[in-house]
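A.B. asks: Could you have a look at this structure, given as structure tokens, before my questions?
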Amino acid sequence: MATTPKILSTLPNVFTSLHEAKIKSKLTFAQLGEAIGRNEWYTTAIFYGQARPDKSDVEKLSAALGLQQGFLEEAFGEDFFPLRGLGEFPPQDPVLYRLYEVIVVYGYPLKHMINEKFGDGIMSAIDFEGDVEKVKGSQGEDRVKITLNGKFLPYRRW
């Protein structure tokens, strides 16, 4: 039986309503993304208040999930601004902790490779796209493939 994530207890009620409607609809985030014309990752971020849906997104989410459009319009009106940092740091959830661990263990090599290939700068989290895929490994095991695709932002000299 699907349940809503615990982090939702710290967020406005609209996010619990979105998750409950998603569970009831039996739609995946990929299907909802297709329904609203957005990437699966971005669509999922809307459900956690970490991305701002536009008017068209709200209309399409309302239709896909059977939620009252006025309720969503009010929740995501002009006063709504995404909260892009959620939860404890470092994270306690095993999935999140392991992603954090990847950065702790491999962050400096990754930074060095980015600097070597691009120069002195960073990857944007603002001009960013991401994907998650289920792929098979060389032994036939299930593997998680995460693609982070952000614009390179060189540090400016002044």
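Counting along the sequence shown from 1, when you hit position 83 you're at 83 in the UniProt record's numbering, and nothing is skipped either side.
Ideal Cβ positions, reconstructed from N, Cα and C, are used throughout, including at glycine.
(1) Just to confirm the assignment, what range does the beta strand (DSSP E) spanning Gly107 have?
(2) Within 10 angstroms of the Cβ of His19, are there 16 or more other Cβ atoms? Answer buried if so, exposed if not.
(3) Using the C-alpha atoms, what's the distance from Gln50 back to Val132?
(4) If I'm right that Leu72 touches Leu61 with Cβ under 8 Å, what's the distance once you round it to whole angstroms?
(5) State the CB to CB distance for the pair Phe15 and Tyr42, rounded to an integer number of angstroms; the pair is presumed to be in contact (CB under 8 Å).
(6) Put Lys60 into one of helix, strand or coil per three-state DSSP.
(7) If Ala21 and Leu67 are in contact, beta carbons under 8 Å, what's the gap, nearest whole angstrom?
(8) How many whole angstroms separate the CB atoms of Pro12 and Ala75, which I take to be in contact at a CB cut-off of 8 Å?
(9) Could you please give the first and the last residue of the uninterrupted alpha helix (DSSP H) stretch that includes Glu73?
(10) So Gly119 and Asn149 are supposed to be a Cβ contact under 8 Å. How far apart are they, rounded?
(11) Would you kindly report the start and end of the unbroken beta strand (DSSP E) that includes Leu32?
(12) Taking Phe29 as the reference, give the member of Ile36, Ser124, Glu40 with the closest Cα.
C.D. replies: The relevant details are as follows:
(1) Taking the first residue of the sequence shown as 1, we reach residue 107 at position 107. Segment 94-118 is the alpha helix (DSSP H) holding Gly107; no beta strand (DSSP E) there.
(2) If you number the sequence shown from 1, residue 19 lands on position 19. Flag for His19 reads buried.
(3) As a working mapping, residue 132 is identified with position 132 in the sequence shown. As a working mapping, residue 50 is identified with position 50 in the sequence shown. In a straight line, the C-alpha of Val132 is about 17 Å away from that of Gln50.
(4) The count along the sequence shown starts at 1 and reaches residue 72 at position 72. The count along the sequence shown starts at 1 and reaches residue 61 at position 61. Yes, they are in contact, since the Cβ atoms of Leu72 and Leu61 sit about 6 Å apart, within 8 Å.
(5) Looking up residue 15 in the sequence shown gives position 15. Looking up residue 42 in the sequence shown gives position 42. No, Phe15 and Tyr42 are not in contact; Cβ-Cβ is about 15 Å, not under 8 Å.
(6) Taking the sequence shown and counting its residues from 1, one reaches residue 60 at position 60. The answer is helix: DSSP assigns Lys60 an H, G or I state.
(7) The residue labelled residue 21 in the question sits at position 21 within the sequence shown. The residue labelled residue 67 in the question sits at position 67 within the sequence shown. Contact flag correct, Cβ pair sits at about 5 Å.
(8) Here residue 12 refers to the residue found at position 12 when the sequence shown is read from its first residue. Here residue 75 refers to the residue found at position 75 when the sequence shown is read from its first residue. Right, the Cβ-Cβ distance comes to about 7 Å (below 8 Å), so this counts as a contact.
(9) Locating residue 73 in the sequence shown gives position 73, where the first residue counts as 1. Counting along the chain, the alpha helix (DSSP H) containing Glu73 begins and ends at 69-75.
(10) For the purposes of this step, residue 119 is taken as the residue at position 119 of the sequence shown. For the purposes of this step, residue 149 is taken as the residue at position 149 of the sequence shown. Contact doesn't hold; Cβ gap of about 18 Å is too wide.
(11) For the purposes of this step, residue 32 is identified with residue 32 of the sequence shown, where counting begins at 1. Leu32 -> not in any beta strand (DSSP E); alpha helix (DSSP H) instead, spanning 29-36.
(12) Position 29 of the sequence shown, counted from the first residue, corresponds to residue 29. Closest by alpha carbon: Glu40.
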